[in-house]
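K.L.:
In our numbering, the protein residues as written are -13 to 206.
The structure under discussion is supplied below as structure tokens; questions concerning it will follow.
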Amino acid sequence: MAGILAERPDARVLVATGSTPMGLYAELARRRAGGALDPSRITVYQLDEYAGIPPEDPRSLLGWLVRSFVEPLGIPLERLVPVPRDGDPDACARYDLEVDRAGGYDLAILGIGPNGHLGFNEPPSDADAPTRLVELAPETIRANAAYWGSPDLVPRRAVTVGMRGLLAARTILLLASGAHKRDIVRRALRGPVTPEVPASLLQRAADVRVFLDRDAWGEP
Ligand code: PGA
């Protein structure tokens, strides 16, 4: 990622929250603090958000993105583009149009959900799914309960950048770690390409680089 940002200092970068990329962001912040990297000119696009959660709510994914990525990397808040957090269809369509007009994403940093979702594109999600309001899948609610203490505290609906936009990113970094991701990683990378495993659609994307720890790939 540091190499890509060095080549394209004004990159448009779609950025995930979740636990997986936190080590990457901390390492980028370390390099920036040491003067080895200057990401201050990139534009950051939020990947997803719980619907109807204000930015000051502790569960806000926008707040998490600011704390873990935008601030530590010295990116001015004016160059942070949130997803339309109420999921209004017109606002989502305008958002996709503006990203297209700007030239699409240069780089997308993605994790993978236990059900194969990317962002909150829950199964089934087609390759041309736009940015939109979605109902969260039960597996996602269970997985995200770990962050907020209980499934009851996980909002039921969310807004996600659509498959169409993220699959068109010039470069995609897919990150996964832990044995609990092994099955879904195999299905996504080696299984059939199907909307039932949205991450399997990455097999058709132009430039995908996959970073896994041994638990997420090795033999059981
Ligand atoms: P995680 O989330 O990084 O917290 O595992 C990934 C995801 O649900 O996409």
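We treat Cβ as the ideally placed atom computed from N, Cα and C, and that holds for glycine.
Quick check on DSSP: helix, strand or coil for Y91?
P.N.:
Translated into positions along the sequence shown, residue 91 becomes position 105. If DSSP states are grouped into helix, strand and coil, Y91 belongs with coil.
K.L.:
Reducing DSSP to helix, strand and coil, say where D86 ends up.
P.N.:
Your numbering for residue 86 matches position 100 in the sequence shown. DSSP places D86 in helix when its eight states are reduced to three.
K.L.:
Leaving aside the five residues before and after G102 along the sequence, list all residues of the same chain whose C-beta is less than 8 Å from its C-beta, in chain order.
P.N.:
Working through the sequence shown from its first residue, we reach residue 102 at position 116. Correct list, in chain order: P109, I170, R173, A174, E182, V183, P184, A185, S186.
K.L.:
Report the residue from A165, Y91, D92, V69 whose alpha carbon sits nearest the alpha carbon of Y81.
P.N.:
On the sequence shown, residue 81 is found 95 positions in, with the first residue counted as 1. Nearest of A165, Y91, D92, V69 to Y81, Cα basis: V69.
K.L.:
Spell out the partners DSSP gives I61 in its beta bridges.
P.N.:
Your numbering for residue 61 matches position 75 in the sequence shown. I61 is not bridged to any residue.
K.L.:
Alpha carbon to alpha carbon, how far is I(-10) from V1?
P.N.:
In the sequence shown, the residue the question calls residue -10 occupies position 4. In the sequence shown, the residue the question calls residue 1 occupies position 15. Taking the straight line joining both Cα atoms gives about 14 Å.
K.L.:
Taking the beta strand (DSSP E) that E121 falls in, what are its first and last residues?
P.N.:
On the sequence shown, residue 121 is found 135 positions in, with the first residue counted as 1. Its beta strand (DSSP E) spans residues 118 to 121.
K.L.:
Rounded to whole angstroms, how far is the Cβ of R142 from the Cβ of L119, which I believe are closer than 8 Å?
P.N.:
What you label residue 142 is simply residue 156 of the sequence shown in a count that begins at 1. What you label residue 119 is simply residue 133 of the sequence shown in a count that begins at 1. Not confirmed; about 11 Å, so no contact.
K.L.:
My parser needs the beta strand (DSSP E) runs of 3 or more residues fully inside the segment 154 to 178; what are they?
P.N.:
157 to 162
K.L.:
Can you find the residues in the same chain that come closer than 8 Å, C-beta to C-beta, to P178, ignoring five residues on each side of it along the sequence?
P.N.:
By one-based count along the sequence shown, residue 178 stands at place 192. Cβ neighbours of P178 beyond the five flanking positions: S186.
K.L.:
Can I98 be considered in contact with ligand 1, in the sense that its beta carbon sits closer than 7 Å to one or more heavy atoms?
P.N.:
Locating residue 98 in the sequence shown gives position 112, where the first residue counts as 1. Yes, the Cβ of I98 comes within 7 Å of a heavy atom of ligand 1.
K.L.:
Applying the 10 Å Cβ sphere with the 16-neighbour rule, what's the burial state of D72?
P.N.:
Walking along the sequence shown from the start, residue 72 turns up at place 86. Counting Cβ neighbours within 10 Å, D72 comes out exposed, since fewer than 16 surround it.
K.L.:
So, using beta-carbon positions, are D92 and T3 closer together than 8 Å?
P.N.:
Within the sequence shown, the letter at position 106 stands for residue 92. Within the sequence shown, the letter at position 17 stands for residue 3. For D92 and T3, no; Cβs fall outside 8 Å.
K.L.:
When every heavy atom of ligand 1 is checked, does at least one fall within less than 7 Å of the C-beta of A77?
P.N.:
Within the sequence shown, the letter at position 91 stands for residue 77. Every heavy atom of ligand 1 is 7 Å or more from the Cβ of A77, so no.
K.L.:
Rounding to the nearest angstrom, what Cα-Cα distance links P41 and R18 in this structure?
P.N.:
Within the sequence shown, numbered from 1, the residue matching residue 41 stands at position 55. Within the sequence shown, numbered from 1, the residue matching residue 18 stands at position 32. Approximately 26 Å between the Cα atoms of the pair.
K.L.:
Please name the residue in P25, T146, A132, W134 whose C-alpha comes closest to that of L104.
P.N.:
Walking along the sequence shown from the start, residue 104 turns up at place 118. Of P25, T146, A132, W134, the residue nearest in Cα terms is T146.
K.L.:
Could you pull out every residue in the same chain whose Cβ sits closer than 6 Å to the Cβ of D117, ignoring the five residues on either side in sequence?
P.N.:
If you number the sequence shown from 1, residue 117 lands on position 131. Correcting the residue type first, residue 117 is Thr in the shown sequence and not Asp. Here T117 has C78, Y81, D82, V147, G148 as same chain residues with Cβ atoms under 6 Å from its own Cβ, once five neighbours each way along the sequence are excluded.
K.L.:
Going by C-alpha distance, which of S5, A(-12), G151 is nearest S26?
P.N.:
Numbered from its first residue, the sequence shown carries residue 26 at position 40. Of S5, A(-12), G151, the residue nearest in Cα terms is A(-12).
K.L.:
Mind checking whether the beta-carbon of T29 lies closer than 7 Å to any heavy atom of ligand 1?
P.N.:
Working through the sequence shown from its first residue, we reach residue 29 at position 43. Here the distance from the Cβ of T29 to the nearest heavy atom of ligand 1 is not below 7 Å.
K.L.:
Starting from T126, trace the alpha helix (DSSP H) in both directions and tell me its first and last residue.
P.N.:
Counting from 1 along the sequence shown, the entry for residue 126 is found at position 140. According to the DSSP assignment, T126 belongs to the alpha helix (DSSP H) that extends over 124 to 134.
K.L.:
Let me check understanding here. Comparing Cα to Cα, which of L96, V196, I28 lies closest to A(-8)?
P.N.:
Reading the sequence shown from its first residue, position 6 is the one you call residue -8. Of the listed residues, the one whose Cα sits closest to A(-8) is I28.
K.L.:
Where does L187 sit, in a helix, a strand or coil, going by DSSP?
P.N.:
The residue given as residue 187 occupies position 201 in the sequence shown. In the structure shown, L187 sits in a helix (DSSP, three-state: H, G or I).
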